[in-house]
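Peer 1:
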């Protein structure tokens, strides 16, 4: 059976797995107006609090994954990587090519997802945790039978919680090392900046607020200005001033090289895990 186009005006979305990431995506989809909550569903098996999180958005909650698949045109598998195989295999009789399948399970390759589902109308997406505040950096790769229209639809879904790019799946380990693990690097930087402020005499609350807002503002300028980060850095750096003194200390301690090494180390670890 050939892939049937999904009607963007009336399609229904289902989540297999009702964790925090699924909740973030569902919240973004509802708040953006892309879909009304009545056209979204999930299933709860053990933790009733997860059901309450979705019901608070007006999203129907079923007792079994089969009901979600039956009710949905687009299905997002948002379960842990170690259980996604069993979940897809259990649902395989219901996963016809009429349905567009999406996986956000880290490290699980499209070729395996397609084999378990019995067809290639699958799209793999790597989002990151800032999806919880509508600021995700996501990347998607299309399976063998997924159409460009399918990709556009998934782009709109994940675009409701941030920005999304399309890339070859072979780049996903590097994506994991950068945007998947990257928020943790930035949290460390925020904490260190705040500690530096305290060391320089600032009250803790003020130092933490300044550090977080400074990172947010700098990132916003990098996105919105279109300038190279090096140019933005130069714009702040006056001859013989305070900023160049601070940058000099960062460079003496290998700041840029350390961040580069962190991304590569995380990417290498992602590659190792995907082989297990």
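Residue numbers (this note's numbering): 650 to 925. C-beta: ideal position from N, C-alpha, C; glycine also.
Tell me which residues share the same chain as residue 773 and place their Cβ nearer than 6 Å to its Cβ, disregarding the 5 neighbours each side in the sequence.
Peer 2: So the qualifying residues of the chain are 752, 759 and 790.
Peer 1: Determine the DSSP secondary structure at residue 773, reduced to helix, strand or coil.
Peer 2: Here residue 773 sits in strand by DSSP.
Peer 1: So, helix, strand or coil for residue 693, using DSSP?
Peer 2: If DSSP states are grouped into helix, strand and coil, residue 693 belongs with coil.
Peer 1: Output the distance between the C-alpha atoms of residue 749 and residue 853, rounded to the nearest integer angstrom.
Peer 2: In a straight line, the C-alpha of residue 749 is about 49 Å away from that of residue 853.
Peer 1: Going by DSSP, which residues form a beta bridge with residue 787?
Peer 2: Beta-bridge pairing links residue 787 to 813.
Peer 1: Cα-Cα, which of 771, 812 and 784 is closest to residue 793?
Peer 2: For residue 793, the nearest C-alpha among the options comes from 771.
Peer 1: Report the residue ranges of all alpha helix (DSSP H) runs contained in full by the segment 658-740; include only those spanning at least 4 residues, in chain order.
Peer 2: Here the runs fully enclosed are 669-680, 697-704, 714-720 and 733-740.
Peer 1: Name, in chain order, the residues that DSSP records as bridge partners for residue 806.
Peer 2: None, per the DSSP bridge assignment.
Peer 1: If you reduce the DSSP assignment to three classes, tell me which class residue 752 lands in.
Peer 2: Residue state, collapsed to three classes: strand.
Peer 1: Taking the alpha carbon of residue 808 as the point to measure from, which residue in 682, 840 and 668 has its own alpha carbon closest?
Peer 2: Ranking the options by Cα distance to residue 808, first place goes to 682.
Peer 1: So, using beta-carbon positions, are residue 726 and residue 666 closer together than 8 Å?
Peer 2: A contact, by the Cβ cut-off of 8 Å.
Peer 1: What does a CB cutoff of less than 8 Å around residue 663 pick up in its chain, not counting 5 residues either side in sequence?
Peer 2: If we look at residue 663 and ignore the five residues flanking it on each side, its Cβ neighbours are 689, 690, 691, 717, 718, 720, 721, 723, 724 and 725.
Peer 1: Identify, in the order they occur along the chain, each residue of the same chain with its Cβ nearer than 8 Å to the Cβ of residue 715, setting aside the five sequence neighbours on each side.
Peer 2: Within the same chain, residue 715 has close Cβ partners 740 and 743.
Peer 1: Could you check if residue 654 is buried or exposed, using at least 16 other CB atoms within 10 Å of its CB as the buried criterion?
Peer 2: Flag for residue 654 reads exposed.
Peer 1: Which whole runs of the alpha helix (DSSP H) in the segment 856-891 are 4 residues long or more, in chain order?
Peer 2: Segments of the alpha helix (DSSP H) lying fully in the segment 856-891: 878-885.
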